[in-house]
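Trainee:
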Amino acid sequence: MSDDDITPSQISAVNLQRAQRYIDSGQDNLLPILKYPRRVISVNFPIEMDDGSVEVFRGYRVLHNRTLGPGKGGIRFHPEVDLDEVSALAMLMTWKCALLEIPFGGAKGGVVCDPKSLSQGELRRITRRFISELGDDLGPYTDIPSPDLYTDEQTMAWVYDTYDVMHQGNNNRAVVTGKPLLLGGSPGRREATARGCVSVTEYFIHRGLIPALSELRGSRVAIQGFGNVGEVAAQLFSECGAIIVALSDSQGGIADGEGIDLAEASAFKKTTGTLVGLAHTETITNSDLLEIDCDVLIPAALGRQITADNAGSIKAKVIVEAANGPVTPAADRILAERGIWLLPDILVNAGGVTVSYFEWLQNLDNETWQLDEVNARLHQRMRASAEATIARWQYLQCDLSGNEDAEYPLDLRTAALTLAVDRLAQITAQRGIWP
Ligand code: GLU
3 MSDDDITPSQ ISAVNLQRAQ RYIDSGQDNL LPILKYPRRV ISVNFPIEMD
53 DGSVEVFRGY RVLHNRTLGP GKGGIRFHPE VDLDEVSALA MLMTWKCALL
103 EIPFGGAKGG VVCDPKSLSQ GELRRITRRF ISELGDDLGP YTDIPSPDLY
153 TDEQTMAWVY DTYDVMHQGN NNRAVVTGKP LLLGGSPGRR EATARGCVSV
203 TEYFIHRGLI PALSELRGSR VAIQGFGNVG EVAAQLFSEC GAIIVALSDS
253 QGGIADGEGI DLAEASAFKK TTGTLVGLAH TETITNSDLL EIDCDVLIPA
303 ALGRQITADN AGSIKAKVIV EAANGPVTPA ADRILAERGI WLLPDILVNA
353 GGVTVSYFEW LQNLDNETWQ LDEVNARLHQ RMRASAEATI ARWQYLQCDL
403 SGNEDAEYPL DLRTAALTLA VDRLAQITAQ RGIWP
């Protein structure tokens with residue numbers, strides 16, 4: 003069955019249901035609270051374009067849950083941003099923070115636009131106007147944005163500046179994370195998502211959970227996406243001795259079984275805007291990349307890339323979800339049947355929000371930590387959460403007592419989600435329902 007048409011929020015609903023089956027009864031009456039976003043904001047605002055014309059842009063900010071603390075999550079600029087996807091991504095942020103024991107709730111935002119066709123001036127005006135429309139629904143103790151698809155440190159600097167102009171006289175640095183270093187950004191934040199992804203992958207290999215892979219050194223890695231996460235991941239995996247056999251960006255991919263020269267790839271991308279055409283590499287498509295012969299496949303771009311249609315053709319031994327939601331539930335089932343391991347997004351890519359949390363702590367204290375300290379703390383949290391996920395997975399396998407899901411596998415995604423949802427349900431019960 004093809005699941006091409008499944009929407010991001012249908013995926014989150016299915017995945018939540020998968021976890022629900024394994025939550026202790028007693029708390030399951032609290033689960034409906036987690037099904038829906040707590041707050042949804044939709045805005046339309048005009049922007050004067052460089053040529054003098056006026057265009058109206060639409061933006062969203064969804065706060066899924068704030069049981070653990072203020073909302074936290076990225077803002078993306080992309081033509082395909084829609085409310086369904088932003089809501090699903092906000093829910094993923096809730097699970098990520100709960101899994102990593104970070105005192106934030108889940109949120110996400112986005113503006114429907116094509117950043118590639120916009121000038122810096124237009125992007126700045128869009129960012130400022132969007133943030134001003136959100137007003138006091140953002141704040142260091144309310145909801146804290148960060149970078150996501152096609153937004154970066156510069157975007158976050160504008161977010162900070164806009165909020166600061168609107169709230170003069172306060173230390174407002176903690177209102178946004180992923181800022182430039184000079185503006186209170188954290189050392190290591192830019193690399194954090196990729197660094198966490200390597201840390202978790204190494205840990206699963208070290209624990210012997212991916213039997214077909216004994217070490218990263220010498221393993222063949224393919225990465226879809228060459229943005230903030232994909233490019234840094236390529237670098238870090240290669241520093242661990244892995245061979246990067248394929249890379250891609252939105253225009254297509256490149257492959258070289260002997261290993262792609264990453265310095266050349268980055269330089270080529272910088273001058274031409276794409277990886278495609280890099281000397282001594284074969285040009286492939288993004289779908290070819292997913293099906294390439296490799297050990298570790300890292301989707302690090304958009305959601306819903308591995309579906310029922312191509313899961314049967316994946317050759318990797320393990321899929322590491324650096325992107326949010328790149329694998330659909332139907333694909334999860336096929337991959338599990340084929341013995342392909344999947345390291346789930348809410349664990350694998352949580353390095354970004356983890357160092358965002360460190361940035362927030364540094365901002366509140368007006369301190370800057372050393373890079374080594376940031377990386378050591380990141381490493382420790384990622385590994386602790388990986389271990390907790392493994393422990394939950396092993397426990398669930400022993401404790402099934404005939405209650406297994408006939409439709410979906412009891413995989414690491416289900417274990418990580420169960421852990422996150424269980425923690426939230428317990429905390430919701432401790433806090434009680436107001437009034
Ligand atoms: N946008 C990133 C994510 O999806 C980072 C979130 C954050 O740092 O708040 O995890």
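Per the working numbering, the sequence shown starts with residue 3, numbered consecutively.
Glycine included, C-beta positions come from ideal geometry on N, C-alpha and C.
Evaluate contact between the segment 103-123 and the segment 69-80, counting only Cβ atoms and requiring at least three cross-stretch pairs below 8 Å.
Mentor: yes
Trainee: Which of the three DSSP states is assigned to P331 in this structure?
Mentor: helix
Trainee: Does the Cβ of C400 have 16 or more other Cβ atoms within 10 Å, making it buried, or fewer, making it exposed?
Mentor: exposed
Trainee: If you compare alpha carbons, which of D311, F206, D251, L344 is closest to R415?
Mentor: With distances taken between CA atoms, R415 lies nearest to L344 out of D311, F206, D251, L344.
Trainee: Sort D290, V278, L215, A303 by Cα distance to I316 and report the nearest one.
Mentor: D290
Trainee: What do you reckon, is the C-beta of V322 under 6 Å from a heavy atom of the ligand GLU?
Mentor: No; taking the cut-off as 6 Å, the Cβ of V322 has no heavy atom of the ligand GLU nearer than that.
Trainee: Beta-carbon within less than 7 Å of V16's beta-carbon, same chain only, minus the 5 sequence neighbours each way: which residues are those?
Mentor: P331
Trainee: In terms of residue numbering, what span does the beta strand (DSSP E) encompassing G107 cover?
Mentor: 107-114
Trainee: Using a threshold of 6 Å, is the CB atom of D154 nearer than that to any non-hydrogen atom of the ligand GLU?
Mentor: no
Trainee: Taking its Cβ as the centre, do 16 or more other Cβ atoms sit within 10 Å of P48, making it buried, or is it exposed?
Mentor: exposed
Trainee: Use the C-beta contact count for D320: other C-beta atoms within 10 angstroms, 16 or more gives buried, fewer gives exposed.
Mentor: According to the sequence provided, residue 320 is Val. The question's Asp does not apply to it. By the 10 Å Cβ count, V320 comes out buried.
Trainee: Using 8 Å as the Cβ pair cut-off and three pairs as the minimum, do the segment 191-198 and the segment 270-279 touch?
Mentor: Judged by Cβ distances under 8 Å, the segment 191-198 makes no contact with the segment 270-279, as fewer than three pairs qualify.
Trainee: Near M3, which residues of its chain fall below 8 Å by C-beta distance, leaving aside the five closest residues on each side in sequence?
Mentor: Because M3 carries a pLDDT of 47, less than 50, the predicted location of this residue cannot be relied on, and the following value inherits that uncertainty. If we look at M3 and ignore the five residues flanking it on each side, its Cβ neighbours are A310, A332.
Trainee: With DSSP run on the structure shown, which of helix, strand or coil describes D374?
Mentor: helix
Trainee: Contact check, N351 vs N326 under 8 Å by CB: the rounded distance?
Mentor: 7 Å
Trainee: With distance defined between alpha-carbon atoms, name the residue in L426, L299, E339, N377 nearest to Q22.
Mentor: L426
Trainee: Is T285 helix, strand or coil by DSSP?
Mentor: Collapsing the DSSP output to three states places T285 in a strand.
Trainee: Name the DSSP beta bridge partners of D401, please?
Mentor: None, per the DSSP bridge assignment.
Trainee: For Y450, which three-state DSSP category applies?
Mentor: Residue 450 falls outside the range modelled here, since the chain spans only 3 to 437, and no answer is possible.
Trainee: Closest to T179 by C-alpha separation, out of V357, A313, V167, would be which residue?
Mentor: Answer by Cα proximity: V357.
Trainee: If you measure from the CB of S148, is any heavy atom of the ligand GLU nearer than 6 Å?
Mentor: yes
Trainee: Do A176 and N365 come within 7 Å of each other at the CB atom, strictly closer than that value?
Mentor: Inclusion of N365 and A176 in the CB contact set at 7 Å is warranted, their separation being smaller than that value.
Trainee: When DSSP labels each residue in this structure, what does L125 get in the three-state scheme?
Mentor: Annotated three-state conformation of L125 is helix, per DSSP.
Trainee: Beta strand (DSSP E) containing K74: first to last residue?
Mentor: 73-80
Trainee: Considering only the beta carbon of each residue, do S240 and L264 sit closer than 7 Å?
Mentor: yes
Trainee: Of all the options D84, L125, P72, E135, which has the alpha carbon lying nearest to the alpha carbon of A109?
Mentor: P72
Trainee: May I ask you to list the residues that DSSP assigns as paired with F59?
Mentor: F47
Trainee: Does the beta-carbon of H282 have 16 or more other beta-carbons within 10 angstroms, so that it is buried, or is it exposed?
Mentor: Residue environment for H282: exposed (fewer than 16 other C-beta atoms within 10 angstroms of its C-beta).
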